[in-house]
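Take a look at the structure below.
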Amino acid sequence: MKYLHKIVLIFLAFSLLPLTIPRPTPTFASNCGVTTVGFTPLNDLGTGSHLGSQGGLYPNGSNEKPAAHAQAGLDIAQNIQPLNGTGQVDEMNGRIILLSIGMSNASQEFLAFMSLDDPLRAGSVEIINGAQGGKSSEFVSDPNDEFWTVLDQRLATNGVTAQQVQVLWIKEVRAKVQPDEVFPQDALILQNQLRDIVQIAQANFPNLKIAYLSSRIYAGYASTDLSPEPEAYQSGFAVKWLIEAQIDGDP
């Protein structure tokens, strides 16, 4: 098992994130009675399947990280230390940056996460919201997109540098899936875009150690064609397959 630049990918199910999110403006065009569209969450699907693809967050229908993958993550996490602006260890004044990458939905969730006061958080850990409205995976997977320029600006505004970013939370989705891109093709395209995003991040953040990935929240209430169901649900397979690829040796 190889980890390029010693980075490990971890599936962070949305249920593990804080559920206290800003109350959205009521959208009366949405059908609020559609509380389900009949899909079983990946972590409940287990060894069952969706259109021929096995569930679970990790291989073999399991929600548990394979032992070697989990140990690799722990080993890498133990090497995370406060860094100064040039990426050198600085226990006194250095920073450990946790940065989010994603679209508007990710930004809203991450802002709610940032608002929670955790007394156990080390003083050197700084959390920065890098997610940006309208920046779906089609844009962020392009290294020349303005998303990455804005990200650098946000780091600078917070008085830190790309060399201090060591942990990412990534939540992305394709804005629009073409009618002929049926499952699993739609998820495979997103998987490739997520791989590109991770590799761009590795190039931009030389001290990146861990990336947590989440899939889109339930979209049964959606009133537009921007990542509705079933694409929202099926995006979870893109995350799952990307992590499985790394476990199988894909850097």
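The opening residue of the sequence shown carries number 284 in this note's numbering; numbering runs sequentially from there. Beta carbons are placed, not taken as given, at the ideal position from N, Cα and C, and that holds for glycine.
- Per DSSP, reduced to three states, the secondary structure at A486 is helical.
- In the DSSP secondary-structure assignment, H333 is bridged to S336.
- The alpha-carbon separation between I500 and Q391 amounts to approximately 12 Å.
- Between F520 and S407 a beta carbon distance of about 36 Å is seen, past the 8 Å cut, so the two are scored as non-contacting.
- Linking E512 to V320 through their CA atoms gives a straight-line distance of about 8 Å.
- Each of I483, A515 and R478 was checked against the Cα of D533, and the nearest Cα belongs to R478.
- Per DSSP, the unbroken beta strand (DSSP E) holding L292 starts and ends at V291 to F294.
- The residues Q476, D479 and I480, in chain order, have a CB closer than 7 Å to that of S424 in the same chain once the five nearest residues on each side in sequence are set aside.
- If you check the CB distance, F393 and W431 do not come in under 8 Å.
- In the three-state reduction of the DSSP assignment, K523 falls in the helix class.
- N388 places its beta carbon 8 Å or farther from that of Q449.
- Using a Cβ distance threshold of 8 Å, S497 and A458 do not count as a contacting pair.
- Here the region 359 to 376 lies against the region 436 to 449, with 3 or more beta-carbon pairs under 8 Å apart.
- Looking only at A414, H333 and G316, the smallest Cα-Cα distance to F322 is reached by H333.
- At a Cβ-Cβ threshold of 8 Å, E514 and V460 count as neighbours.
- Your pair Q415 and V433 checks out as a contact, with CB atoms roughly 6 Å apart and the cut at 8 Å.
- Unbroken beta strand (DSSP E) stretches of 3 residues or longer found wholly inside the region 321 to 399: 379 to 385, given in chain order.
- Of the candidates I526, E527 and K492, the residue whose Cα lies closest to the Cα of D358 is K492.
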